[in-house]
Amino acid sequence: MRVLRLISFFILLWPMVKLTAQPKKYSIHTVAFYNFENLFDTINDPNTNDDEWTPKGEQRWTSKKYNQKLQNLSRVLLEIGSSENTNAPTFIGCSEIENRGVLEDLIKDTKLIDKEFGIIHFDSPDKRGIDVALLYQKKFFRPTTYTNIPLYVFKAENKTKTLSKFEAEDKTDDNLELNPQTNRVFTRDQLMVTGFLEGEEISIIVNHWPSRSGGEKKSSPYREAAGLLNRKIIDSLQRINPNAKVITLGDLNDGPYNKSIKIALGAKAAKKEVPLMGIYNPFEEMAKKGLGTIAFRDSWDIFDQIMVSQSLIQDDFSTLKYWKAGIYNKPFLIQTSGQYKGYPKRHSATEIGFSDHFPVYIYLIKELK
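In structure tokens:
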């Protein structure tokens, strides 16, 4: 009789065991960033230094080349993060875009048009005319406020200094330009967007910090100022709501270990080290492993990063939370021959490539009820 009672008990218990063993289901959103590397149209803008990127300029930038560049970029944007999320990214922060028009052309590409991306973009004071912007899928995200926040940095008084061999060779097509009257360094604004994703308020800051033109050490104060401005923006959001969910992303022209990120912004590499209202940077651990988004003199670094506020790394997935991060460096994005073999496959005289940067991404997930 006792055996029969035990059998009856386990029969009654079995449906409960099966129920608790069922895997949890989550909604998932990919947040990506990609430096498009010189996404210029073919039209000469008299207000910017874009002469190189015109049909008669040094790059012989024709409509055919421009359209091929758009097709290449759209392929990447469709596939970023697809290993875990088959849908295209919900958010794409982008840099090195000339104007809103190139983004309108991009989202009309046949690979992307059905995603119905919205565009948030402002012209910045950068003298080359390159800006940052945010693309977002309208069916998922509803923006409520957005603004461009200028970064005011000024060149210090000239002091005689001999650049090291490496600093002298630290060439970039993103040179810092000055206002000769005020010595202001012209650079990109920081774009701040707030809106609702799955009914939850979320803020995204898109960045392209000052370049290393003139050498890493000499230009570091400009990026440190950018990090401080980024921290002030995040602080302002957290003063309104201490639990504000904030994502800051972009091409920072510094690695995760540099002062601009570690000190000015205060980002931490380990979740357990992130204080209340602090910032977590998952890309610092990747840098320690030798991974990279950009290569220079056969040395890799991670200039492209996505960081999240402490409110996004808590263990409760009943609301949107950070899951994991990655660098999208598939073989088709890599140069297979020549001097830059193994580097990101950028534009050359003989081939329209993708970019000299690899894109990066994170996933946000939320448990389905």
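Numbering (my numbering), first residue to last: 311 to 679. Every residue, glycine too, gets a C-beta built ideally from N, C-alpha and C.
Would you mind working out which of the options sits nearest residue i, comparing C-alpha positions?
i: N382; options: F642, K465, R541, K651; result: F642
i: N345; options: S393, L444, N395; result: L444
i: V412; options: L461, I440, G509; result: I440
i: S570; options: T629, E534, Y673, A605; result: E534
i: P267; options: K421, I515, G505; result: A query on residue 267 cannot be resolved here, the shown segment of the chain reaching from 311 to 679 and no further.
i: E394; options: T660, Y638, A659, N409; result: Y638
i: L547; options: M587, A635, K578; result: M587
i: T340; options: K582, D419, D355, I390; result: I390
i: I402; options: I543, K527, F451; result: F451
i: Q500; options: Y456, I417, K528; result: Y456
i: A577; options: S523, R541, M596; result: R541
i: V386; options: K655, E661, E677, A659; result: K655
i: P669; options: K598, E661, L630, T603; result: T603
i: S438; options: N354, L601, L422; result: According to the sequence as given, residue 438 is Arg; it is not Ser. For the residues N354, L601, L422, the minimum Cα distance to R438 belongs to N354.
i: K449; options: E408, D436, K465, N397; result: N397
i: T629; options: R607, M596, E677, K598; result: E677
i: E594; options: G636, N553, G524; result: G636
i: H657; options: L380, P592, K335; result: L380
i: Y653; options: F627, T660, A597, A605; result: A605
i: T420; options: F432, E408, P531, L388; result: L388
i: P531; options: N568, L507, N517; result: N568
i: S434; options: N458, Q447, L422; result: N458
i: S405; options: D436, S523, Q378; result: D436
i: K374; options: Y671, K679, E661; result: E661
i: L507; options: Y462, R549, I544, Q447; result: Q447
i: T410; options: K418, F432, P566; result: In the sequence as presented, Thr is not what sits at residue 410; that position holds Arg. Ranking the options by Cα distance to R410, first place goes to F432.
DSSP three-state call for residue i: helix, strand or coil?
i: F606; result: strand
i: I544; result: helix
i: E477; result: Unreliable positioning characterises E477 in this predicted model, as indicated by a pLDDT of 41, which lies under 50. A coordinate reading is not provided.
i: I672; result: strand
i: P641; result: helix
i: L575; result: helix
i: F593; result: helix
i: S665; result: coil
i: A635; result: strand
i: I353; result: coil
i: R549; result: helix
i: A536; result: helix
i: Q615; result: strand
i: S647; result: coil
i: D561; result: strand
i: S628; result: coil
i: S658; result: coil
i: L678; result: coil
Taking Cβ to Cβ, would you say residue i is nearer than 8 Å to residue j?
i: D351; j: Y376; result: yes
i: S392; j: I675; result: no
i: K634; j: Y590; result: no
i: G509; j: P453; result: no
i: L562; j: F496; result: no
i: K555; j: I616; result: no
i: L486; j: G537; result: no
i: P399; j: A342; result: yes
i: S521; j: D484; result: yes
i: L349; j: E414; result: no
i: I573; j: V503; result: no
i: R494; j: H518; result: no
i: V442; j: G600; result: no
The ligand SAH and residue i: does the residue's C-beta get closer than 7 Å to at least one heavy atom of that ligand?
i: K676; result: As far as ligands go, the structure on display features none, and thus does not contain the ligand SAH.
Which residue spans inside the region 363-450 form an unbroken alpha helix (DSSP H) run of at least 4?
-> 373-389, 410-417
At 4 residues or longer, and completely inside the region 501-532: list those alpha helix (DSSP H) runs for me, N to C.
-> none
Report yes or no: do three or more beta-carbon pairs, one from the region 659-670 and one from the region 620-629, lie closer than 8 Å?
-> no
Just checking, does the region 421-432 make contact with the region 361-369 on the three C-beta pairs under 8 Å criterion?
-> no
Could you tell me whether the region 579-586 touches the region 645-661, where touching means 3 or more Cβ pairs closer than 8 Å?
-> no
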